[in-house]
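Only one structure is covered here, and it is reproduced in the block below.
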RNA sequence: GGCGACAUAGCCAAGUGGUAAGGCAGAGGACUGCAAAUCCUUUAUCCCCGGUUCAAAUCCGGGUGUCGCCUCCA
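Residue numbers (the numbering used here): 2 to 481.
In structure tokens, the structure reads:
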């Protein structure tokens with residue numbers, strides 16, 4: 002497997018720290034609001050990466066943190082007159098509602114900053130004792146000049162950064178780019194006791210402390226959004242390698258940004274979309290499909306038309322599955338060109354793996370999925386009328402689609418492990434289904450009388466209720 | 001000002017040296033009572049200029065444009 006490493010700016014062969022195992026840490030959200038589309042991309046992207054490692058037979062250890070102590074949370078809590086930790090807890094619950102909807106698997110551990118103060122404080126003490134950090138009043142800063150490789154991730158030098166400094170420099174710092182490891186508490190803020198007085202951790206130290214705790218030194222993959230490269234991940238590297246004297250992470254991966262109507266998503270532009278707002282308008286599998294239809298490192302522009310187009314594309318995949326399920330009833334142990342079809346399935350599987358092996362090229366992988374759909378459809382197109390559908394062929398097709406789905410995570414499965422096609426669609430239930438069957442039968446009567454007015458009327462009426470009726474040589478079929 | 005990314009058909013999007021995957025939309029045909037679904041066929045020389053090469057969307061130089069980071073941000 003090849004993956005693009007932000008540090009080297011090249012694709013590299015993936016070699017895990019421990020054979021057969023992958024350790025992944027992905028920066029999670031600051032929980033002061035419902036998650037937005039920009040949060041959803043890394044969620045879905047790294048979930049897919051994790052799933053592919055599992056598909057490849059790796060044991061995966063996946064950690065995603067919550068930043069539940071932060072200025073933004075404190076500000077928000079102050080506005081709402083609520084306790085910051087409670088506010089954060091609430092949005093952590095909301096986070097899971099959205100991420101579950103997007104079919105994102107839970108991490109093995111979701112560590113919170115508020116529950117890792119001892120680890121954080123210990124790490125800061127370690128940095129101070131090694132001469133990499135210094136205390137000023139109640140604050141502790143990392144001494145950037147003490148770490149020679151500073152800038153290796155983002156590809157900048159200290160000189161570059163000083164030249165471009167746009168922030169007022171705190172005169173107490175040794176170097177303008179020194180960053181806070183510990184912040185002295187201000188009046189009314191949540192605070193924890195520390196050797197430097199009451200305060201709270203700086204933003205970057207949490208990820209270092211928590212990733213080391215759960216994954217150890219030199220773990221495999223650290224991921225996050227492109228914007229975290231600098232300063233967040235740069236600082237993580239500096240403080241961690243300064244503290245441990247060992248390499249921190251083997252591969253750094255960063256997903257590209259989402260834009261809305263070609264503009265950066267931002268509150269001031271009023272184009273800030275929450276995941277649940279989008280899920281109110283589009284099925285979650287469409288959203289996930291859309292997020293994976295572009296390579297994870299490329300920018301991705303969002304608008305309603307693009308999501309609608311994605312939804313129509315996905316419908317093609319679902320139709321194919323419907324055709325398979327429908328044909329299973331009339332399949333035979335063998336028939337037609339089963340061998341030829343099975344070798345085609347093998348080819349598609351190899352293509353899928355090749356695509357994913359190449360830096361998780363989900364866009365290409367989805368292309369392969371569509372090729373597969375075309376293969377299956379055209380097989381059925383020929384085999385169904387001649388009653389030559391092979392159950393072996395169908396089983397192989399379903400197996401492959403399920404395997405691909407286990408990686409892309411587009412469709413949920415029911416209790417029996419079958420792909421759910423009607424998820425999120427209202428109007429199920431025994432009574433409704435029974436009525437529908439009745440109506441369809443009555444329409445068939447009308448059709449046999451060539452009463453086209455009645456039959457078309459029924460079809461149009463059902464369409465308005467969100468039920469599509471299709472007449473086939475094998476009889477009518479309906480779908481929600 | 002510093003650092004970096006990208007520019008492929010109407011739209012979305014793969015493709016890093018050998019004459020452009022796939023999806024949406026469109027066109028023609030098959031099937032259908034009509035549709036739908038499905039099948040078959042069809043729609044691009046890859047921002048511009050110059051260079052390297054037998055050969056470039058793919059490498060190099062220049063230009064234009066778009067975007068991101070440098071401050072909280074996925």
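Using N, Cα and C, we set each Cβ at its ideal position, and we do this for glycine too.
Since this is a predicted model, take the numbers as computed values, not measurements.
Terminal residues of the alpha helix (DSSP H) in which residue i lies
| i | result |
| --- | --- |
| residue 314 | 305-329 |
| residue 456 | 453-465 |
| residue 255 | Careful: residue 255 lies outside any alpha helix (DSSP H), inside the beta strand (DSSP E) at 250-256. |
| residue 1 | The chain is shown from 2 up to 481; residue 1 falls before or after that span and cannot be answered. |
| residue 8 | Element bounds for residue 8: n/a, residue is neither H nor E. |
| residue 24 | Residue 24 -> not in any alpha helix (DSSP H); beta strand (DSSP E) instead, spanning 22-27. |
| residue 240 | 235-245 |
| residue 137 | That residue, residue 137, is in no alpha helix (DSSP H); its beta strand (DSSP E) goes 134-137. |
| residue 287 | 285-293 |
| residue 118 | 118-130 |
| residue 276 | 276-280 |
Residue j beta carbon less than 7 Å from that of residue i
| i | j | result |
| --- | --- | --- |
| residue 257 | residue 289 | no |
| residue 318 | residue 374 | yes |
| residue 253 | residue 8 | yes |
| residue 28 | residue 217 | no |
| residue 285 | residue 103 | yes |
| residue 105 | residue 59 | no |
| residue 364 | residue 294 | yes |
| residue 389 | residue 337 | yes |
| residue 64 | residue 110 | yes |
| residue 210 | residue 117 | yes |
| residue 154 | residue 80 | no |
| residue 460 | residue 423 | no |
| residue 277 | residue 35 | yes |
| residue 324 | residue 381 | yes |
Reference residue i; option with closest CA among the options
| i | options | result |
| --- | --- | --- |
| residue 175 | 322, 220 and 147 | 147 |
| residue 255 | 244, 351 and 230 | 230 |
| residue 263 | 305, 283 and 128 | 305 |
| residue 91 | 379, 25, 143 and 31 | 31 |
| residue 261 | 251, 127 and 279 | 279 |
| residue 287 | 411, 364, 43 and 145 | 411 |
| residue 300 | 11, 59 and 38 | 38 |
| residue 82 | 117, 95 and 189 | 189 |
| residue 417 | 403, 85 and 95 | 403 |
| residue 26 | 423, 107, 327 and 308 | 107 |
| residue 308 | 155, 291 and 422 | 291 |
| residue 45 | 72, 97 and 79 | 97 |
| residue 141 | 115, 187, 52 and 180 | 180 |
| residue 183 | 371, 281, 119 and 227 | 119 |
| residue 384 | 54, 327 and 11 | 327 |
| residue 320 | 397, 471 and 219 | 471 |
| residue 20 | 47, 12, 74 and 62 | 62 |
| residue 214 | 265, 112, 201 and 461 | 112 |
| residue 462 | 312, 441, 325 and 421 | 441 |
| residue 12 | 323, 386 and 251 | 251 |
| residue 447 | 431, 430, 477 and 432 | 477 |
| residue 310 | 171, 415, 283 and 56 | 283 |
| residue 377 | 387, 397, 228 and 362 | 397 |
| residue 468 | 454, 350 and 437 | 437 |
| residue 349 | 313, 302, 333 and 400 | 400 |
| residue 445 | 128, 475, 5 and 171 | 475 |
The beta strand (DSSP E) enclosing residue i, as first and last residue numbers
| i | result |
| --- | --- |
| residue 140 | 140-143 |
| residue 184 | 180-185 |
| residue 261 | 259-261 |
| residue 477 | 476-480 |
| residue 1 | A question about residue 1 goes unanswered here, because the residues of the chain that appear run from 2 up to 481. |
| residue 220 | 220-226 |
| residue 485 | Nothing about residue 485 can be reported from this structure: the residues present for the chain run from 2 to 481 only. |
| residue 470 | 469-473 |
Restricting to runs no shorter than 4 residues, where is the alpha helix (DSSP H) found entirely within the stretch 345-427?
363-384 and 392-409
Report the residue ranges of all alpha helix (DSSP H) runs contained in full by the stretch 57-99; include only those spanning at least 4 residues, in chain order.
72-81
Spell out a yes or no on whether the stretch 393-404 and the stretch 356-366 are touching, meaning 3 or more CB-CB pairs, one atom from each, closer than 8 Å.
no
Touch test, the stretch 64-71 against the stretch 123-141, Cβ-Cβ under 8 Å, three pairs minimum:
no
Closer than 8 Å is the cut-off here; do at least three beta carbon pairs connect the stretch 234-251 with the stretch 131-142?
yes
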